[in-house]
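Numbering (the numbering used here), first residue to last: 8 to 404.
So this is what it looks like as structure tokens:
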């Protein structure tokens, strides 16, 4: 297993969670899980909806409401453009409602649209060109990707990134690394032609490629040679007891004695690194989903709101920077999910607009209604499946 020794902290994540729990059932639960969960989710949802809102305003669309959460309004205000900004009771998402929308899913209110005045038609989302509507819809997921890049770049510039030289200190007996011929003091240079700058870079590539042959270039005693290694699939348990199925080589790196350095970047390099980080998450997501389809991966890693709340509470024990990093990862995931061509999601709307652009006219009301019903059923099934996975994982812990 690839691992690196870590210096001890004054208060470990586990002991902090125990401390929060000792404050009392409700108070500890709220501070330990609900507050971090709402913090992360609110940031991600706000910027997603802000993307829709910002482009809609510039396209001349009247925004009736901007809501964080669903259901009854808890608090809100009207801005000078007549938009109702509100915080709603169910904090599991949000929406932007345009003039002519029937509901939070932006389904058209045919009755209201047919009775609009000429002025209202100019401000109605459904009377804009297909290009303008597509831009407004796509702006939400794009805002999620931009948010992730901004967070990652900010962390790279301020907190920095811990870097450990990708050198092998020990090789586990019977491991994939031993079979491939790795030796202590080998310096890893590239994997499948991609440059490796740190031990963490190597871990990420290996963990995502269980059972896949990798060409690993190393430097040994001043000479370069290429080793062929196939990471073994292992189930590993993290600090909080969560089980992950990843690829491992069976090498380790000692991080004691000043082997770890903190690397901070300037603005341009930070944005470049942040963009690469976002692309890695996207690539890993597609790789995992492809593995689920082909049977190489198990779908039990898919999680819902309960898992997000659990992970948020766990990550919060490491501090604000770690929680912001989780927000960036979640932002990429939500942006990507919303681009899937499923009716009800942003990607489904974009699919309909693409068909409209090709046909020269929109799909019939009946076809769109059927599409939205199918999309709703798919989204509900995914949510139920993810929640069931969450419950099973909790019962096992």
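The beta carbon of each residue, even a glycine, is placed where N, CA and C say it ideally should be.
Predicted model only: the values in this text are computed from it and were never measured.
Own chain, CB closer than 7 Å to residue 362, minus 5 neighbours either side, in chain order: Here residue 362 refers to the residue found at position 355 of the chain shown. Apart from sequence neighbours up to five positions away, the residues of its chain that approach residue 362 with a beta-carbon distance below 7 Å are 370, ordered along the chain.
Residues of its chain near residue 212, where Cβ-Cβ distance is below 6 Å and the 5 sequence neighbours each way are ignored: What you label residue 212 is simply residue 205 of the chain shown in a count that begins at 1. Excluding sequence positions up to five before and after residue 212, its CB lies within less than 6 Å of the CB of 198, all in the same chain and listed in chain order.
Span of the alpha helix (DSSP H) around residue 301: For the purposes of this step, residue 301 is taken as residue 294 along the chain shown, with counting starting at 1. First-last of the alpha helix (DSSP H) with residue 301: 274–301.
Cβ neighbour criterion (16 or more within 10 Å) applied to residue 29: For the purposes of this step, residue 29 is taken as residue 22 along the chain shown, with counting starting at 1. Because the pLDDT of residue 29 is 48, which lies under 50, any placement of that residue in the model is unreliable, and the question is left without a value.
Residue burial classification, residue 209 (beta-carbon count within 10 angstroms, cutoff 16): Here the question's residue 209 lines up with position 202 in the chain shown. Per the 10 Å Cβ criterion, buried.
Bridge partner(s) assigned by DSSP for residue 70: Taking the first residue of the chain shown as 1, we reach residue 70 at position 63. In the DSSP output, where bridge partners are listed per residue, residue 70 has 105.
For residue 199, three-class secondary structure by DSSP: Stepping through the chain shown from its first residue, residue 199 is reached at position 192. In the structure shown, residue 199 adopts coil according to DSSP, grouped into three states.
N-terminal and C-terminal residue of the alpha helix (DSSP H) that residue 236 is part of: For the purposes of this step, residue 236 is taken as residue 229 along the chain shown, with counting starting at 1. In this chain, residue 236 is not harboured by any alpha helix (DSSP H); it is covered by the beta strand (DSSP E) spanning 230–236.
Simplified DSSP assignment, three categories, for residue 260: Here the question's residue 260 lines up with position 253 in the chain shown. The answer is strand: DSSP assigns residue 260 an E or B state.
Own chain residues within Cβ distance below 8 Å of residue 337, not counting five before or after: As a working mapping, residue 337 is identified with position 330 in the chain shown. Within the same chain, residue 337 has close Cβ partners 47, 48, 51, 315.
3 or more residues per run - each beta strand (DSSP E) lying fully within the stretch 152–197: Unbroken beta strand (DSSP E) stretches of 3 residues or longer found wholly inside the stretch 152–197: 168–171, given in chain order.
Residue 153 versus residue 330: straight-line alpha-carbon distance, rounded: Along the chain shown, read from residue 1 onward, the residue named residue 153 stands at position 146. Along the chain shown, read from residue 1 onward, the residue named residue 330 stands at position 323. When the Cα atoms are used, residue 153 and residue 330 turn out to be separated by approximately 17 Å.
Start and end residues, alpha helix (DSSP H) containing residue 49: Working through the chain shown from its first residue, we reach residue 49 at position 42. Segment 42–65, the alpha helix (DSSP H) holding residue 49.
Beta-carbon proximity check, residue 256 vs residue 205, cutoff 8 Å: If you number the chain shown from 1, residue 256 lands on position 249. If you number the chain shown from 1, residue 205 lands on position 198. Going by C-beta atoms, residue 256 is not nearer than 8 Å to residue 205.
CA-to-CA distance, residue 377 to residue 219, given in whole angstroms: By one-based count along the chain shown, residue 219 stands at place 212. By one-based count along the chain shown, residue 377 stands at place 370. Taking the straight line joining both Cα atoms gives about 41 Å.
Classification of residue 366 by the beta-carbon crowding that lies within 10 angstroms, buried from 16 upward: The sequence position of residue 366 within the chain shown is 359, counting from 1. Under the 10 Å beta carbon count, residue 366 is surrounded by fewer than 16 other beta carbons and is classified as exposed.
Buried versus exposed call for residue 104 [16 or more other C-beta atoms within 10 Å across all chains shown]: One-based indexing of the chain shown puts residue 104 at position 97. With 16 or more other Cβ atoms within 10 Å, it is buried.
Beta-carbon proximity list for residue 348, same chain, < 8 Å, skipping 5 on both sides: Counted from its first residue, the chain shown places residue 348 at position 341. Only 354, 355, 357, 358 meet the Cβ criterion.
Residues bridged to residue 222 [DSSP beta-bridge criterion]: As a first step, residue 222 must be located in the chain shown, where it is residue number 215. Bridge partners of residue 222: 235.
Distance, residue 76 Cα to residue 69 Cα: Within the chain shown, numbered from 1, the residue matching residue 69 stands at position 62. Within the chain shown, numbered from 1, the residue matching residue 76 stands at position 69. Whole-angstrom Cα-Cα distance: 20 Å.
Contact set for residue 170: own chain, Cβ-Cβ below 6 Å, skip 5 residues either direction: On the chain shown, position 163 is the one that residue 170 refers to. The answer, listed in chain order, is 205, 268, 270.
When 72, 107, 385 are compared against residue 94, the one with the closest alpha-carbon: Along the chain shown, one-based indexing puts residue 94 at 87. Ranked by Cα distance from residue 94, the options 72, 107, 385 are led by 72.
DSSP three-state assignment for residue 148, whether helix, strand or coil: Taking the first residue of the chain shown as 1, we reach residue 148 at position 141. In this structure, residue 148 counts as helix in the three-state DSSP scheme.
Proximal residues to residue 23 (C-beta, below 8 Å), its chain only, five neighbours per side dropped: Numbered from 1 along the chain shown, position 16 holds the residue referred to as residue 23. With a pLDDT of 41 at residue 23, under the threshold of 50, the modelled position of that residue is not reliable, and no figure is offered here.
Where residue 85 falls, given that 16 or more other Cβ within 10 Å makes a residue buried: Mapped onto the chain shown, residue 85 falls at position 78. Label assigned to residue 85: exposed.
Coarse secondary structure for residue 213, derived from DSSP in three states: Position 206 of the chain shown, counting from 1, holds the residue named residue 213. Annotated three-state conformation of residue 213 is helix, per DSSP.
Where the alpha helix (DSSP H) containing residue 126 begins and where it ends: Here residue 126 is taken as the residue at index 119 of the chain shown, counted from 1. Membership of residue 126 in the alpha helix (DSSP H) is indicated by the continuous run 125–130.
Span of the beta strand (DSSP E), counted from its first residue to its last, around residue 267: Start at 1 with the first residue of the chain shown, and residue 267 comes out as number 260. Residue 267 -> beta strand (DSSP E) spans 267–270.
Where residue 338 falls: helix, strand or coil (DSSP): Taking the first residue of the chain shown as 1, we reach residue 338 at position 331. DSSP places residue 338 in helix when its eight states are reduced to three.
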